[in-house]
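Just so you know, the sequences run in chain order Z and P. Just so you know, we're using full-length UniProt numbering here: the first sequence kicks off at 1 and counts up by one. Just so you know, we're using full-length UniProt numbering here: the second sequence kicks off at 1 and counts up by one. Below you'll find the structure, written out as structure tokens, and then a few comments.
There are 2 protein chains.
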Amino acid sequence: MFSGLSAFPLTPMNESGIDEAAFVRLIERLADASVDSIGALGSTGSYAYLSRAERARVVKLAVEHAGNVPVIAGIGALRTSDVQALSDDAQKAGASAVLLAPMSYQQLSADEVFGLYETVTRSLSVPLCVYDNPGTTHFEFSSELYGRIAQLPNVRSIKIPGVPANPAAAKAHIESLRALIPSHVTLGVSGDASAAMGLNSGCEAWYSVIGGLFPKTALAITRAAQAGDMKAATRLSERLQPLWALFDQHGGSLRVVAAAAELQGVVEHPCLPLPLKALDGTGRQQLAVLLDELELA
Amino acid sequence: MFSGLSAFPLTPMNESGIDEAAFVRLIERLADASVDSIGALGSTGSYAYLSRAERARVVKLAVEHAGNVPVIAGIGALRTSDVQALSDDAQKAGASAVLLAPMSYQQLSADEVFGLYETVTRSLSVPLCVYDNPGTTHFEFSSELYGRIAQLPNVRSIKIPGVPANPAAAKAHIESLRALIPSHVTLGVSGDASAAMGLNSGCEAWYSVIGGLFPKTALAITRAAQAGDMKAATRLSERLQPLWALFDQHGGSLRVVAAAAELQGVVEHPCLPLPLKALDGTGRQQLAVLLDELELA
């Protein structure tokens, strides 16, 4: 479950609530493509913006429509007691694993973050993936903290941010992490632009945003890297460079992928919770041209 | 209401819920000291960590025990629809005004933030204070955006972060903001260390963390500045320099003020929502010595 392609779908919604039909369509695309796991309620799934009831419902729908694909459910929240409640809900809804980011309002200390994982892992009956996303949590994990948390019960994977762009530096980075982390804990790369580099450098998984909308495209990169064909993985990723550039220009992947899903007719407009808005204007026009050219699937 | 000392109390709590008796004691201290307003559910009041029901209860308690002092209630949340619900709740509970920070998980654009204030101010029947706290929201307001938001209905104050340490630069900064903001909208300084400089430079209000626990100490600084005695305001603030240094060393004021409230016996330990922890160890010992030396009240 914590290797290969983990696909992170949007949770399409509008001011009336979650668009359940559109969410189910996204999940069925992923099941049909046979991704290795589904990351429901990741950052791309807007977990931080949903109520407890909405989150329980999303996990239930994902599990019901994922076929044999395991569902990893995001349980992050600002307050430890809320994380514990969301963890219980996710397990009751049938999630195969949970994903926990140290969400913050007040900047967290390493000691506070360790305390969070210690408390939450103590009462888990499914595996946990540590979610390191400094762009949204504003918390920087040290390698040493990865190592300490990886020793906790039920921890089975760490979702790391992008790796260095230089191949030797990327490989050295992953090797240095591996030296601190037990072998039963996998490392998964995120930041789609550096996924091929991450997989080629020894990451076992790709926690993927584009995988949630274009699973076949993301699977082609993943399978090439898993087969040891580093050049093919790199080439397939470099082909998507104009998309990675749009992510960079527009504050990350979410607003771009939301607009892509709207443009492809997979979800309705709007699909993000206000105040967030999908990419519009010139950027959206550029994206429409790109989607035609790249033939993403 | 949006001038003078606005005191921001803690919301003391533990894993069982809010310590209502301790919260009421804090509010009564502020009413007894005759602060100019009370900022309930500011960042110091841990608004981001509380449930909707808890927040409604906190505003009700504050209003009930504030006597004639107006209560400004924090209504920030990640999702616009939640902010609207919290705004309704605060008004029903008797808040005299609301305070809104652009909380983020995904980094917000200026357009998204303007949209948030536009939506929320449209259905308000009390005044609103814009809450600019980049350390927790990770959003940087431009002066131009201040100006646009200040034109919206019901906007009456902007809570700005600290001002430059140099007196001429601080004065120039406030004057440049005043040129963009209508005169019916006050400017209030936050960041306790630069409060005296802010008031001396033309800010009409101090949105104060220490004012929530030590109202007399904060009032002395405020009244000196309001009376035009800039030197006295500066001297009274500089006396507290070791406290400002502790704020800097420990990631802001919250954990230090929480520990101060515990040390003074005003609240029980713990008083912050996990994963947050009040200052402990050597820092707490330094704080205890300081509290004795400074005779804060």
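Quick reminder that beta carbons are idealized off the backbone N, C-alpha and C, glycines included. No experiment lies behind these values; they were computed from the predicted model shown.
Here Ala-193(Z) is not near Gly-212(Z), since their CB atoms are 9 Å or more apart. Ranked by how close their Cα comes to the Cα of Ala-278(P), the residues Gln-249(Z), Glu-112(Z) and Val-155(Z) have Glu-112(Z) in first place. At a Cβ-Cβ threshold of 9 Å, Thr-136(P) and Gln-106(Z) count as neighbours. According to the DSSP secondary-structure assignment, Ala-73(Z) is paired through a beta bridge with Ala-40(Z) and Val-98(Z). In this chain, Tyr-207(P) is not harboured by any alpha helix (DSSP H); it is covered by the beta strand (DSSP E) spanning 205–208. Separation of Gly-265(Z) and Gly-265(P) (C-alpha to C-alpha, rounded to the nearest whole angstrom) is 60 Å. Excluding five sequence positions before and after Glu-118(Z), the CB atoms of its chain that fall closer than 8 Å to its own CB belong to Leu-152, given in chain order. As the crow flies, the alpha-carbon of Ser-109(Z) is around 9 Å from that of Glu-140(Z). Residue range 186–189 is occupied by the beta strand (DSSP E) that includes Leu-187(Z). If you check the CB distance, Ser-6(P) and Trp-206(P) come in under 9 Å. Distance between Cys-271(Z) and Asp-248(Z), taken at the CA atoms: about 21 Å. CA-to-CA, the gap between Gly-281(P) and Gln-226(P) works out to about 38 Å. Excluding five sequence positions before and after His-250(Z), the CB atoms of its chain that fall closer than 8 Å to its own CB belong to Val-256, Leu-279 and Gly-283, given in chain order. Checking the DSSP bridge columns, you'll see Gly-17(Z) partnered with Asn-14(Z). In this structure, the straight-line span from the alpha carbon of Gly-147(Z) to that of Ala-179(Z) is close to 9 Å.
Chain-ordered, the chain Z residues with CB closer than 7 Å to the CB of Glu-112(P) read Pro-275, Leu-276 and Lys-277. Pro-9(Z) and Arg-29(Z) have their alpha carbons spaced roughly 10 Å apart. Its Cα nearest to that of Gly-228(Z), the residue Ala-196(Z) stands out among Ser-208(Z), Val-209(Z), Ala-196(Z) and Leu-254(Z). Rounded to the nearest angstrom, the gap between the Cα atoms of Ile-18(Z) and Leu-243(P) is 47 Å. Residue state for Leu-128(Z) is assigned as strand, using DSSP reduced to three classes. The beta-carbon separation of Ala-97(P) and Ile-72(P), rounded to 4 Å, stays under the 8 Å limit for a contact.
The segment 241–276 of chain P contains, as complete alpha helix (DSSP H) runs of 4+ residues, the segments 241–249 and 254–263 (chain order). At a cut-off of 9 Å, the C-beta of Met-103(P) has a neighbouring C-beta in chain Z. Interface flag for Glu-140(Z) against chain P is unset, since no Cβ pair is found closer than 9 Å. Listed along chain Z, no residue sits closer than 7 Å to Arg-25(P) by beta-carbon distance, the nearest being about 23 Å off. By the neighbour-count definition (other C-beta atoms within 10 Å, threshold 16), Ala-62(P) is a buried residue. Listed in chain order, the non-local C-beta contacts of Tyr-49(Z) below 6 Å within the same chain comprise Pro-273, local neighbours out to five positions each way being set aside. A residue is called buried when at least 16 other Cβ atoms come within 10 angstroms of its Cβ; Arg-239(Z) does not meet this threshold and is exposed. In this structure, Asp-89(Z) and Ala-40(Z) do not form a Cβ contact; the two beta carbons are roughly 12 Å apart against a cut-off of 8 Å.
Taking C-beta atoms as the reference points, Val-267(P) and Pro-70(P) fail to come closer than 9 Å.
Leu-124(Z) is positioned such that its CB atom lies no closer than 9 Å to that of Leu-99(Z). The criterion of a C-beta distance shorter than 9 Å is satisfied by Lys-171(Z) and Ser-201(Z). Annotation: Cβ neighbours of Ala-48(P) in chain Z (cutoff 7 Å, chain order): Leu-78 and Tyr-105. A residue is called buried once 16 or more other Cβ atoms fall within 10 Å of its Cβ, and Val-289(Z), having fewer, is exposed.
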